[in-house]
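Plus 1 on top of the position in the sequence shown (first one is 1) and you've got the working numbering.
First comes the structure, then the notes that go with it.
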Amino acid sequence: MEAIKYYVKGAFQGAAETPEMLEQQEELIADLTAKVADLVAEGKSPDEALGIAIASLGDLSELVAEFTPAGGAPLVLPVPTAHVQAARLDFHVTLAAIGLDAAFMLFCTVLGAITHTIEPGAGLVLFVILGAAAYWIRTAYAAYVADPDTTETRKLVYQPRLVKALGLWAGACFVAMVMNIATATDFWFWPVWVAVTVLPIRILVERWVTRQGMFAAAAVASEGAAAA
């Protein structure tokens with residue numbers, strides 16, 4: 002399982018790749034893989050089994066400290082915490098969401114300018130479209146929440162950080178709309194469009210990232226340890 006390899010190799014990041022260290026990594030990977038298989042056989046979901054197995058290892062800092070780090074200087078690199086993993090996940094997903102939204106905005110703006118189809122009244126039409134989009138987002142998010150494959154990760158990804166993200170987007174869009182209306186620009190409705198589309202884009206990108214086992218293993222482990 003790629004998530005197990007990612008977690009173990011991340012725990013030993015910065016240590017010299019000695020035969021002893023590589024052997025220890027292989028042992029941990031084998032132990033975790035066996036534990037996950039046993040838990041799945043008992044009826045646990047793969048994600049839940051992974052979280053329980055990793056949490057059972059406890060703090061690996063002392064084990065990592067036994068190996069000489071690269072460069073020879075004494076160094077202990079702690080296993081990434083849920084906070085660190087969440088920050089990495091936020092950064093990559095936010096970049097992807099911004100890139101996709103920016104590309105969409107640029108395409109639509111250029112298309113509208115070329116065809117002379119963008120008028121100030123288009124904003125009113127978009128509000129109707131946005132209403133339908135909001136209903137779709139609500140339905141899609143409800144289905145995402147109910148997905149058992151992302152239950153553990155959802156607790157970390159969505160809750161206070163989702164509220165914070167929406168608040169920041171709402172504030173930025175409000176300022177942009179006021180400035181655009183004040184300058185009589187025809188494109189005042191773009192911030193609203195971006196604000197609505199960025200959430201489903203984040204959900205889709207984040208879901209793909211977590212299914213690939215990126216940034217999630219240590220975060221799930223921290224959640225499992227806290228629950229224990």
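Just so it is clear, CB atoms sit at the ideal spot from N, CA and C, and this is done for glycine as well.
If you count every other CB in all the chains shown that lies within 10 Å of the CB of residue i, and 16 or more means buried, which is it?
{"i": "residue 48", "result": "buried"}
{"i": "residue 23", "result": "exposed"}
{"i": "residue 124", "result": "Since pLDDT at residue 124 reaches only 49, below the 50 mark, its modelled position is unreliable, and the value read off the structure follows with that caveat. Its Cβ being crowded by 16 or more others within 10 Å, residue 124 is buried."}
Taking just the CA atoms, how far does residue j sit from residue i?
{"i": "residue 33", "j": "residue 12", "result": "14 Å"}
{"i": "residue 230", "j": "residue 43", "result": "A query on residue 230 cannot be resolved here, the shown segment of the chain reaching from 2 to 229 and no further."}
{"i": "residue 20", "j": "residue 63", "result": "18 Å"}
{"i": "residue 25", "j": "residue 61", "result": "12 Å"}
{"i": "residue 14", "j": "residue 35", "result": "23 Å"}
{"i": "residue 58", "j": "residue 8", "result": "11 Å"}
{"i": "residue 4", "j": "residue 27", "result": "14 Å"}
{"i": "residue 18", "j": "residue 67", "result": "13 Å"}
Report the CB separation of residue i from residue j in whole angstroms; it is logged as a contact under 8 Å.
{"i": "residue 40", "j": "residue 53", "result": "6 Å"}
{"i": "residue 6", "j": "residue 30", "result": "6 Å"}
{"i": "residue 37", "j": "residue 50", "result": "5 Å"}
When the cut-off is 8 Å and only beta carbons count, does residue i lie next to chain B?
{"i": "residue 63", "result": "In the displayed structure, chain B is absent; only one protein chain is listed."}
- prompt: Which residue spans inside the region 14-52 form an unbroken alpha helix (DSSP H) run of at least 4?
  reply: 20-42
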